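Encoded as structure tokens, the structure appears first; notes follow it.
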Amino acid sequence: MALLFHVGQRGQAFEAFKLLIGAILALLILMIILGAVQQLRGLEDKISYDKLVQAAQSARKQPNGQVLKVEDIILKEGGYSSASFADKMNLRPECVSLDAFGQAFSSNAPVAVTVNQRMLTSVYYRCSIAGSQDCEVECEIKFGKGFD
Numbered sequence: 011m012a013l014l015f016h017v018g019q020r021g022q023a024f025e026a027f028k029l030l031i032g033a034i035l036a037l038l039i040l041m042i043i044l045g046a047v048q049q050l051r052g053l054e055d056k057i058s059y060d061k062l063v064q065a066a067q068s069a070r071k072q073p074n075g076q077v078l079k080v081e082d083i084i085l086k087e088g089g090y091s092s093a094s095f096a097d098k099m100n101l102r103p104e105c106v107s108l109d110a111f112g113q114a115f116s117s118n119a120p121v122a123v124t125v126n127q128r129m130l131t132s133v134y135y136r137c138s139i140a141g142s143q144d145c146e147v148e149c150e151i152k153f154g155k156g157f158d
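The sequence shown maps to residues 11 to 158 in my numbering.
Right, dumping it as structure tokens:
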């Protein structure tokens, strides 16, 4: 009976090998999960960007002076310029102005807004018929706070 509970060196080495295999499998599963989370985050960013652009185009098509509010937009860290919005809205850069409110932003209004950290916010658009020859439509875009 005593021999049943006695494990030799060979058995102990096999236990360490099983432990190593378990650790490798756990690491592999962790890498798969982290990859999936990163993939979802990228998809989430793309959906928010598409929503941001679609709202800008929609506001441009209806220049009635009404405010269009788009909620739950994820803004990635980086810069947004009036030129990039103007390109998406088929306007000249001087016809689009940007402004931002909050600590997560560095605003260089009306030309650019820098997002200091990835965040969830609301974006407000207001487009109206312009009185100048250079701009048939003028649009204002505000991040984080609406129009007063």
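Yeah, the Cβ is synthetic: ideal placement off N, Cα and C, and Gly gets one too. Nothing here was measured: the structure is a model prediction, and the numbers come from that model.
Is the distance from the Cβ of residue i to the Cβ of residue j below 8 Å?
i, j, result
"residue 133", "residue 88", "no"
"residue 43", "residue 95", "no"
"residue 108", "residue 90", "yes"
Cutting at 6 Å between CB atoms, please list the residues of its own chain near residue i, excluding the five before and the five after it.
i, result
"residue 154", "110, 111, 112, 131"
Out of the options, point me to the one whose CA is closest to residue i's CA.
i, options, result
"residue 68", "80, 57, 58", "80"
My guess is that residue i and residue j are in contact by the Cβ rule of under 8 Å, so how many angstroms apart are they, rounded?
i, j, result
"residue 137", "residue 147", "5 Å"
"residue 83", "residue 62", "6 Å"
"residue 92", "residue 120", "6 Å"
"residue 101", "residue 149", "7 Å"
Buried or exposed for residue i, please, with buried defined as at least 16 other CB atoms from any protein chain shown within 10 angstroms of its CB.
i, result
"residue 128", "exposed"
"residue 77", "exposed"
"residue 99", "buried"
"residue 106", "buried"
Give me, in chain order, the residues of the same chain whose beta-carbon lies closer than 7 Å to that of residue i; leave out the 5 immediate sequence neighbours on both sides.
i, result
"residue 55", "84, 86"
Go through its chain and collect everything with a Cβ distance to residue i's Cβ below 8 Å, but skip five positions before and after it.
i, result
"residue 70", "99, 100, 101, 137, 147, 149"
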